[in-house]
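Take any residue in the sequence shown, note its place counting from 1, add 4, and you have its number in this note's numbering.
Here is the structure we will look at, set down as structure tokens.
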Amino acid sequence: NKSDLPVHGKTALQFEPYTSKILEVSSTRGDGLEKLKETIFQSSVNNWKEQKEGVIVTNLRHKIAIQAAYDSLKSGINAIETDKPLEIIAIEFRDALDRLGEIVGAVTTDDILNRIFSDFCIGK
């Protein structure tokens with residue numbers, strides 16, 4: 005930043021080891037802003053490509069739900085590949101959606117039925 009201001013000798017020497025990563029930018033004149041944007045973008049893209057693991061889950065309940073959703077999706081794909089009935093495929097994908105809904109707080113059909121019948125005493 006402030007590439008429009010003069011550089012003093014001692015200050016410039018302090019940053020010499022890092023000059024390959026320094027971008028000269030002047031927000032006053034607008035110099036170097038496009039290069040800064042491009043560098044930030046490329047850095048983000050490169051970091052994204054280098055990631056081996058893309059997600060960190062810190063809640064055990066979420067981890068279990070994500071794993072269950074993943075397993076259901078794999079089962080659904082397997083059901084498609086082995087020509088299982090559409091009902092079986094739909095059940096697997098619905099289960100995956102329900103597991104993900106547990107994480108984001110979506111209300112499931114079972115939740116609605118449990119709420120409706122929680123106040124009723126059936127069989128008396």
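Glycine residues also receive a C-beta, built at the ideal position from the N, C-alpha and C atoms.
Within 10 angstroms of its Cβ, does Glu28 collect 16 or more other Cβ (buried), or is it exposed? In the sequence shown, counting from the first residue as 1, residue 28 sits at position 24. With fewer than 16 other beta carbons inside 10 angstroms of its own, Glu28 counts as exposed.
Three-state class that DSSP yields for Asp87 in the structure shown: Residue numbering aside, residue 87 sits at position 83 when the sequence shown is read from its first letter. It is coil, neither helix nor strand.
Does DSSP put Ser122 in a helix, a strand or coil? As a working mapping, residue 122 is identified with position 118 in the sequence shown. When DSSP states are grouped into helix, strand and coil, Ser122 belongs to the coil group.
Have a look at Asn5 and Val108 and give me their C-alpha separation to the nearest angstrom. Against the sequence shown, residue 5 aligns to sequence position 1. Against the sequence shown, residue 108 aligns to sequence position 104. Legend: pLDDT at Asn5 = 49, less than 50; position of this residue unreliable, no value from coordinates given.
What do you reckon, are the CB atoms on Ala83 and Ile70 nearer than 8 Å? Residue 83 sits at position 79 when you count from the first residue of the sequence shown. Residue 70 sits at position 66 when you count from the first residue of the sequence shown. 8 Å or more divides the Cβ of Ala83 from the Cβ of Ile70.
Are Glu96 and Ser79 touching if we call contact CB-CB under 8 Å? Along the sequence shown, one-based indexing puts residue 96 at 92. Along the sequence shown, one-based indexing puts residue 79 at 75. Result yes, Cβ atoms of Glu96 and Ser79 sit closer than 8 Å.
According to DSSP, simplified to helix, strand and coil, what is Ser31? As a first step, residue 31 must be located in the sequence shown, where it is residue number 27. DSSP places Ser31 in coil when its eight states are reduced to three.
Contact defined as beta carbons within less than 8 Å: I believe Leu64 pairs with Ala100. What is the distance between those atoms, to the nearest angstrom? As a working note, residue 64 is residue 60 in the sequence shown. As a working note, residue 100 is residue 96 in the sequence shown. A Cβ-Cβ distance of about 19 Å is found for the pair Leu64 and Ala100, leaving them out of contact under the 8 Å criterion.
Could you check what DSSP says for Gly80 in three-state terms: helix, strand or coil? For the purposes of this step, residue 80 is taken as the residue at position 76 of the sequence shown. Gly80: helix per DSSP, three-state reduction.
In this structure, how does DSSP classify Ala110 when only helix, strand and coil are distinguished? Position 106 of the sequence shown holds residue 110. Ala110 falls in the coil class under three-state DSSP.
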